[in-house]
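Asks: Read top to bottom, the protein sequences are chains A and B.
Mapping the first sequence onto numbering that gives the first Met the number 0, position 455 (from 1) lands on 454, and the numbers just tick up by one.
Mapping the second sequence onto numbering that gives the first Met the number 0, position 82 (from 1) lands on 81, and the numbers just tick up by one.
We put the CB at the ideal spot given by N, CA and C, even for glycine.
Model, not experiment: these values are computed from the prediction.
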Amino acid sequence: MEDKLSQNKVLEEVTGSDYKYGFVSDIENDAAPKGLNEDIIRLISKKKEEPEWLLEFRLKAFRHWLKLEEPDWALIDYPPIDYQDIIYYSAPKKKETLASLDEVDPELLDTFNKLGIPLEEQKVLAGVAVDAVIDSVSVKTTFKDTLSKHGIIFSSFSEAVKDYPELVKKYLASVVPYTDNYFAALNSAVFSDGSFVYIPKGVRCPIELSTYFRINAANTGQFERTLIVADDDAYVSYLEGCTAPMRDENQLHAAIVEIVVMDNAEVKYSTVQNWYPGDKEGKGGIYNFVTKRAACRGVNSKVSWTQVETGSAITWKYPSCVLMGDNSVGEFYSVAVTNNYQQADTGTKMVHLGKNTKSTIISKGISAGKSNNSYRGLVRVSKKAEGARNFSQCDSLLLGDQCGAHTFPYIQAANDSAIVEHEATTSKISEEQLFYCQQRGIETEKAIGLIVNGYAKEVLNKLPMEFAVEARKLLEITLEGSVG
Amino acid sequence: MLLNIKDLHVAINGKEILKGFNLQVNKGEIHAIMGPNGTGKSTLAAAITGREGYEITKGEIIYKGQVINDWTPDKRANEGVFLSFQYPVEIPGVSMTNFMRTALNAKREYLGQPQLKAGAFLKLMEEKKKLVEITAKLTNRSVNEGFSGGEKKKNEIFQMAMLEPTLAILDETDSGLDIDALKVVAKGVNELKSDENAFVVITHYQRLLDYIVPDFVHVMYGGRIVKSGGKGLALELEDQGYEWVKEQFGEE
Ligand SMILES: Nc1ncnc2c1ncn2[C@@H]1O[C@H](COP(=O)(O)OP(=O)(O)OP(=O)(O)O)[C@@H](O)[C@H]1O
Ligand SMILES: [Mg+2]
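This is how it looks when you write it as structure tokens:
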């Protein structure tokens, strides 16, 4: 009883947070007209001066997409999306070729500064190479030269198409074919940019690579595509961050991330997703439909997905690992926070094909306000996957009694030697814990932040240092006003 | 007067637990509160510290001359009220270091003082750890998680030493402690004790009062104090139990 009382009070109080990335930048845009048809796709391809094969790929994807139905199996609820009411291409208008950072649109630089992404020296010193994608187009990639010394390719997707067409052609859609699902088909038809990473054999990428995605223009969908290839014995840690302005209408984001991991190679992919979640009444916000998959093709290859999902009105996202190589390892660490009217249906797929493959799933869902938060995960062990192992831990934390938490674990084990373990818990922030903190002088909101961060620690610890700090702050901001 | 509780009535879920409780505590004093199980001792501690669900239906809690009935728990804490919990709570994933630093800085912020630098804070931690003979590294241990019963109680006294309260309430801090730990707790209290602060010690055992010598002993029964006296009263209780109280004041 007591418990309930304080929960509600805390919840009422906390529902008052402001989205601090909600500004709109006044950058000149070069945009296609609204709507989707083959002409628009030809226009996108032409704008990007793409080779014929890529246009063909887009058109095939589009024709396939027309035949598909939007999936409805996820526990999310939203009005129908009018795909003809979206702008599929928008780019900050280019001035002539830029010789230095001084020539970059000052508004754009300002935007990045507000986002806390200085493209300048500071970042260079911090050792982070940044590819910034604003409204679908990659604006600037720092650090390219340093990386190229190691033979590492880190560039915008468009540039990669021009500079390394064979590599792109070889791996594009090799992990997520355009036939994969509705949103993957859509993305394959209209993607406008993204990042491309190639780590050659035997190279450990000396710095963390990162991409910041930003939706700026109105009525625009963002459809970026990331392709990461780690060749034999290679290693890379990749970070992805995202923000968007506050707008009353919903905006669509449908991305694809593909990762290929060869023998003994390792890729760490970390995401802090903070797209605009909509306001307290559930108005506006990003619809986030993302397909992320890694193919562990080589023996002893390894992939870890770490995600902190705090934003978006709707999140539909299942970063997956296809463990083909013997002894390959897949990991998924997730913190998903929903507040107000946010809805998240997120989880992972671990597909065990090779022998002695191992996967770990740690999912921490935190729901507040009137939000809904679902974990949906599949662990599949194929017949030939002798000695496969999986451990899954799915925890849900509820703040208040108006939100929902759900867990949908699917297990399909076709090999008798498989060991698949699943643990799940649901808990509430206890009044006792809150009072204990308050009695030590810590006010309610801070106390919730502290407790939630402790709850998510296992996952946050997987993030690179500077990202972890940001993620902790985000968790606190997201839950501001969730408790009274 | 540091604390003046006047005719306090407190109800939990509509059920009255404290029924006209009175207590005056001056700076420099140690008060012991004894009484049978379920008589409202922890309820009193909860009411003084402002715990939600403990509804004051009548009466006043006056602290440093101000009625604090409506103050939030964190405000009371930052004004110097500390509770050593009868059942300390575990907070998984939150390190003791982080917890203490957050608490200490919250208080400093409240008092308009600058935040404590990491170095100074760690030094203070080490100093206070020594005081209560905690040898474990607290940096990587979550609050009370995996602590033994005795360690949890010592940890409460450690936090008290860190926060240097003006009014400390110790709710059965001695329960479950071995004799060495008991001495450590008493040492902590005695080193902190000054003319500027006061202690309210809730206990069932006279034993603790050999080490923390009270100025006053109160017998609580049926939600109020039924008898007060000096240190001798505790000995009497140890000797005679509470039968005489029940006879005199009736079954609860
Ligand atoms: N949350 C609650 N809901 C209902 N009744 C409660 C609650 N908390 C305490 N009580 C009741 O209030 C009365 C006083 O409890 P309290 O914990 O204050 O006793 P105490 O004197 O501290 O006992 P002990 O010596 O066993 O610690 C008891 O009858 C108890 O059952
Ligand atoms: Mg008690």
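Evaluate A:Ala125 with the Cβ neighbour count: other Cβ atoms within 10 Å of its Cβ, from every protein chain shown; 16 or more gives buried, anything less gives exposed.
Replies: Confidence at A:Ala125 is low in this model, with a pLDDT of 38, below 50, so its placement is unreliable and no value can be given for it.
Asks: In angstroms, rounded to a whole number, what distance separates the CA positions of B:Leu191 and A:Tyr435?
Replies: Answer to the nearest angstrom: the Cα atoms are 22 Å apart.
Asks: Just the C-alpha distance for B:Glu171 and B:Pro87, rounded to the nearest angstrom, thanks.
Replies: Straight-line Cα distance between these residues: approximately 11 Å.
Asks: When you check each C-beta in the segment 420-434 of chain A against every C-beta of chain B, which residues fall closer than 8 Å?
Replies: Ser429, Glu430, Glu431, Gln432, Phe434
Asks: Spell out whether any CB of chain A is found under 8 Å from the CB atom of B:Ile47.
Replies: no
Asks: Inspect the CB distances between the segment 29-39 of chain B and the segment 76-86 of chain B and report whether three or more fall short of 8 Å.
Replies: no
Asks: Can a CB atom of chain B be found closer than 8 Å to the CB of A:Tyr454?
Replies: yes
Asks: List, in order along the chain, the chain A residues whose C-beta lies closer than 9 Å to that of B:Ser141?
Replies: Gly453, Lys456
Asks: Have a look at B:Lys26, B:Gly19, B:Ile11 and flag the residue whose alpha-carbon is nearest the alpha-carbon of B:Asp214.
Replies: B:Lys26
Asks: How about B:Asp173: is its Cβ closer than 7 Å to a heavy atom in ligand 2?
Replies: no
Asks: Report the neighbours of B:Arg50 on chain A: residues whose CB is nearer than 7 Å to its CB, in chain order.
Replies: Phe434
Asks: Cβ-heavy atom distance between B:Thr38 and ligand 1 below 7 Å?
Replies: yes
Asks: Between B:Pro213 and chain A, is there a C-beta pair that is closer than 8 Å?
Replies: no
Asks: Please list the residues of the segment 168-188 of chain B that have a C-beta atom closer than 8 Å to any C-beta atom in chain A, keeping them in chain order.
Replies: none
Asks: When burial is assigned at 16 or more other CB atoms within 10 Å of the CB, is A:Thr337 buried or exposed?
Replies: By the Cβ-count criterion, A:Thr337 is buried, with 16 or more other Cβ atoms from all chains shown falling within 10 Å of its own Cβ.
Asks: Would you say B:Tyr109 reaches chain D, if we count a Cβ-Cβ gap shorter than 8 Å as a contact?
Replies: Here the protein chains are A and B, and chain D is not one of them.
Asks: For ligand 1, any of its heavy atoms closer than 7 Å to the Cβ of A:Ser155?
Replies: no
Asks: Output the boundary residues of the alpha helix (DSSP H) element that contains B:Asn104.
Replies: 95-109
Asks: In the structure shown, what three-state DSSP assignment does A:Met491 receive?
Replies: Since the first residue shown for chain A is 0 and the last is 483, residue 491 of chain A is missing from the structure and cannot be characterised.
Asks: Going residue by residue through the segment 393-463 of chain A, where are the continuous alpha helix (DSSP H) segments of at least 4 residues, counting only ones entirely within it?
Replies: 430-438, 443-454, 456-459
Asks: Helix, strand or coil: how does DSSP classify A:Val138 here?
Replies: Residue confidence for A:Val138 is low, a pLDDT of 48 falling below 50, so the modelled location carries little weight and cannot support an answer.
Asks: Counting only C-beta atoms, is A:Gln306 closer than 8 Å to chain B at any point?
Replies: no
Asks: To the nearest angstrom, how far is it from the Cα of A:Gln221 to the Cα of B:Glu126?
Replies: Straight-line Cα distance between these residues: approximately 55 Å.
Asks: Count the other CB atoms within 10 Å of the CB of A:Gln437; is the residue buried (16 or more) or exposed (fewer)?
Replies: Per the 10 Å Cβ criterion, buried.
Asks: Kindly indicate which residue of A:Glu308, A:Ser303, A:Gly297 has the alpha-carbon position closest to the one of A:Asn287.
Replies: A:Glu308
Asks: Is the segment 102-119 of chain B close to the segment 439-450 of chain A, with three or more CB pairs under 8 Å?
Replies: Verdict: yes, contact present.
Asks: Ligand 1 and B:Asn12: does any heavy atom of the ligand fall closer than 7 Å to the residue's C-beta?
Replies: yes
Asks: Which partner residues does B:Leu83 have in the DSSP bridge list?
Replies: It should be pointed out that residue 83 of chain B corresponds to Ser in this sequence rather than to Leu. The partner list for B:Ser83 (beta bridge, DSSP) reads B:Leu169.
Asks: What do you get for B:Arg50, buried or exposed, if any count of 16 or more other CB atoms within 10 angstroms of its CB means buried?
Replies: buried
Asks: Using a Cβ-Cβ distance under 8 Å, would B:Leu1 count as near chain A?
Replies: no
Asks: Can you give the Cα-Cα distance for A:Ala467 and A:Asn355, rounded to whole angstroms?
Replies: 31 Å
Asks: Assuming contact is defined by CB atoms lying nearer than 8 Å, are A:Tyr237 and A:Val196 in contact in what I supplied?
Replies: yes
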